[in-house]
Amino acid sequence: MKKPKLRELGEAIKAVIKGPYTTKFPFVAPSIYPEFRGKPVFVEENCILCGACEQICPVDAIDVRDIINDDGTATRIMHRNYNQCIWCSMCSQLCTVGDGNIFGDKAGIKITNEFDLSTLDKETAQEQIEGELVLCEKCGKPITSKKHLLWLAERLGTKAFQNQTLFLTKMKELGLTDEEYPYTTDEILREDLNKILCPSCRRAAMMKEDWGF
Numbered sequence: 006m007k008k009p010k011l012r013e014l015g016e017a018i019k020a021v022i023k024g025p026y027t028t029k030f031p032f033v034a035p036s037i038y039p040e041f042r043g044k045p046v047f048v049e050e051n052c053i054l055c056g057a058c059e060q061i062c063p064v065d066a067i068d069v070r071d072i073i074n075d076d077g078t079a080t081r082i083m084h085r086n087y088n089q090c091i092w093c094s095m096c097s098q099l100c101t102v103g104d105g106n107i108f109g110d111k112a113g114i115k116i117t118n119e120f121d122l123s124t125l126d127k128e129t130a131q132e133q134i135e136g137e138l139v140l141c142e143k144c145g146k147p148i149t150s151k152k153h154l155l156w157l158a159e160r161l162g163t164k165a166f167q168n169q170t171l172f173l174t175k176m177k178e179l180g181l182t183d184e185e186y187p188y189t190t191d192e193i194l195r196e197d198l199n200k201i202l203c204p205s206c207r208r209a210a211m212m213k214e215d216w217g218f
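Residue numbers are given in this note's numbering: position 163 of the sequence shown equals residue 168, and the series is strictly consecutive.
Structure, rendered in structure tokens:
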């Protein structure tokens, strides 16, 4: 057996005295740079449940779930699966309410420095938030979340009066609308223009009123 080289022997002695070069994680928490892109989380007070993050996610880690209950109410759920997430931060950077700063406090999704997500429980690898979903008062199809419509009305200011869906949602939030009466016909009527409508029903009502189609 050949004798080890002096350099290799020196390195071995140095390793014994000074200890290993590797970090002591997970026994000692590592130092994380502030700009490290770790686990993304929903910020419920900022998120308007618009679904833009679902559209931009390259790995389909986020999905929007619209649930219509038997009592006529509806709920929108924003669900994230961390088993698919690649931590690219696109959901935060391109968030509708954000300013492009993934570490800021304006976006509906915040990028944290947390990275150790190892677990045997799949339920802990899920995250979701929910809010009220607005339905079309004519066809009953989902439009978007109530928070999304209120955010649009706030951003547009007085221009929101040009869209009855935005205007009525804002007035309902302020308690300034009368009790609605249920429709008994599928026919498009003039008064449908003063209802919360999806784009398809709004177009049908406008075409009926203006052109008689």
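For each residue, glycine too, the CB sits at the ideal point set by N, CA and C.
Item                                                                                                          : Value
Cutoff 7 Å; reference Leu173; Cβ partners in own chain excluding five residues on either side                 : Thr182, Ile201
Residues near Gly15 by beta carbon distance below 6 Å, same chain, minus five either side                     : none
Sequence-distant residues of the same chain with beta carbon closer than 6 Å to Arg42, five excluded per side : Trp92, Ser94, Ile116
Same chain only: Cβ atoms within 7 Å of Pro35, ignoring 5 sequence neighbours per side                        : Thr28
Helix, strand or coil at Phe4 [DSSP, three-state]                                                             : The structure shown does not extend to residue 4, since the chain is modelled only from 6 through 218, so no value can be given for it.
Exposed unless 16 or more other CB atoms sit within 10 angstroms - verdict on Arg195                          : exposed
Glu135 to Ala79 span [Cα, whole Å]                                                                            : 10 Å
Nearest-angstrom Cα separation, counted from Ser150 out to Met212                                             : 26 Å
Same chain, Cβ closer than 6 Å to Phe82, five either side skipped, listed in chain order                      : Note on residue identity: the sequence assigns Ile, not Phe, to residue 82. So the qualifying residues of the chain are Arg70, Gln133, Glu135.
Given 8 Å, three or more beta-carbon pairs between the segment 50-65 and the segment 12-26                    : no
Bounding residues of the beta strand (DSSP E) (the contiguous stretch that carries Val69)                     : 67-73
Inter-stretch contact (C-beta, 8 Å, three-pair minimum) for the segment 138-153 and the segment 47-59         : yes
Distance between Gly180 and Ile72 (C-alpha atoms, nearest Å)                                                  : 25 Å
DSSP three-state assignment for Ser150, whether helix, strand or coil                                         : strand
Pick from Gly109, Cys100, Glu59 that is closest to Gln89, judged by C-alpha positions                         : Glu59
Span separating the alpha-carbon of Lys175 from that of Ala158                                                : 7 Å
Cβ-based burial, Pro204 [other Cβ within 10 Å; buried from 16]                                                : exposed
Residues that DSSP places opposite Val139 in a beta bridge                                                    : Thr149
Rounded distance between the beta-carbons of Ala130 and Leu122, thought under 8 Å                             : 7 Å
Assigned secondary structure, Lys111 (DSSP; H/G/I helix, E/B strand, else coil)                               : coil
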